[in-house]
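Novice: Just so we're aligned: the sequence shown equals residues 573 to 727 in my numbering.
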Amino acid sequence: MKLFSFIINIAIIVACITGCSQELFFSITDASNPAYPKFCITSKKDCRGQNLILAMADISEVDESGNAIKKMWAIQARTNATQKEYVYGNLPDGWIEITPARPLELGKTYTFNGGAFYFRIISVGATYKAEVLTLEEYVKRKHTKLPIWQNKDNQ
Numbered sequence: 573m574k575l576f577s578f579i580i581n582i583a584i585i586v587a588c589i590t591g592c593s594q595e596l597f598f599s600i601t602d603a604s605n606p607a608y609p610k611f612c613i614t615s616k617k618d619c620r621g622q623n624l625i626l627a628m629a630d631i632s633e634v635d636e637s638g639n640a641i642k643k644m645w646a647i648q649a650r651t652n653a654t655q656k657e658y659v660y661g662n663l664p665d666g667w668i669e670i671t672p673a674r675p676l677e678l679g680k681t682y683t684f685n686g687g688a689f690y691f692r693i694i695s696v697g698a699t700y701k702a703e704v705l706t707l708e709e710y711v712k713r714k715h716t717k718l719p720i721w722q723n724k725d726n727q
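1) Would you call I641 buried or exposed, if buried means 16 or more other Cβ atoms sit within 10 Å of its Cβ?
2) In chain order, what residues of the same chain lie with their CB nearer than 7 Å to the CB of R692, ignoring the 5 residues before and after it?
3) Can you check whether the CB of A627 is closer than 8 Å to the CB of A648?
4) Mind checking who K610 pairs with in its DSSP beta bridge?
5) Start and end of the beta strand (DSSP E) containing K701?
6) Pull up the DSSP beta-bridge partners for R692, would you.
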């Protein structure tokens, strides 16, 4: 199993070095169950565009500096997976679970695939809202001393 993971990771690195240029967009499409939200990974914003081939996906909790502190869920494709929509914690067909899903918590910040995107889910009245930032947006807010999240009081 470790050899398989090693080979997959090497293949991903080689693919990216040799032309992995397809843009990826991550969005939370349904936060009504904030511990297990639905999310989408596509080639365009707002869950539009083509499905993208993913070899693995992971979500980690991060600290205030943006450093991963706890792996929340990690899955790896057995083949080239081109699924668009996912439910956090539900293992898609053709995937293996590396780290079982832990329930997400309101107001905590998480990262998707090692920092490509940052997100959190907050309560707004009787509903839940997801906020997603790209790595660039997250870094810009940190360096300009802007609040990372716009609704700090709605945690």
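C-beta: ideal position from N, C-alpha, C; glycine also.
Specialist: This is what the structure holds:
1) If you number the sequence shown from 1, residue 641 lands on position 69. Exposed.
2) Taking the sequence shown and counting its residues from 1, the one referred to as residue 692 is at position 120. Excluding sequence neighbours, R692 sits near G679, K680, T681, Y682, E703, W721.
3) Your numbering for residue 648 matches position 76 in the sequence shown. Your numbering for residue 627 matches position 55 in the sequence shown. Looking at the sequence shown, residue 648 is not Ala but Gln. For Q648 and A627, yes; Cβs fall inside 8 Å.
4) Working through the sequence shown from its first residue, we reach residue 610 at position 38. Paired residue(s): D602, V659.
5) For the purposes of this step, residue 701 is identified with residue 129 of the sequence shown, where counting begins at 1. Bounds of the beta strand (DSSP E) holding K701 are 699-706.
6) Here residue 692 corresponds to residue number 120 of the sequence shown, with the count starting at 1. DSSP, once it has assigned bridges, lists E703 as partnering R692.
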